[in-house]
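Participant:
Residue numbers (our numbering): 94 to 162.
Here's what the structure looks like:
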C-alpha cells in the first residue's frame, strides 16, 4: 500500500531521522521493534498504526503532526 499518507510518513520519518543523525536501530529500540520495521516504514512496505506514529514522533523528538504534514 502506498497511499499519499503512507508516502508522506515514509518520507518524513526518513528525512527527520537523517537530519537528526539517528540510526534506524536507535529508533527501533525506542519503539521496541526490530530495525527492519523502521526500514520497511521508510521504504513504504509497512503500514504504520496510529499508535506507532505517535511513538515514532516521540522517538524522533517531533510532534505527531510533523510526521503527517
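C-beta: ideal position from N, C-alpha, C; glycine also.
Hey, quick one: how far does the alpha helix (DSSP H) through residue 145 stretch, first residue to last?
Facilitator: Its alpha helix (DSSP H) spans residues 143–153.
Participant: Would you mind stating whether residue 115 and residue 147 have Cβ atoms separated by less than 9 angstroms?
Facilitator: Cβ atoms of residue 115 and residue 147: not closer than 9 angstroms.
Participant: Buried or exposed for residue 134, please, with buried defined as at least 16 other CB atoms from any protein chain shown within 10 angstroms of its CB.
Facilitator: So residue 134 counts as buried.
Participant: With three or more C-beta pairs closer than 8 angstroms as the rule, is the segment 154–162 touching the segment 119–133?
Facilitator: Output reads no: the segment 154–162 does not touch the segment 119–133.
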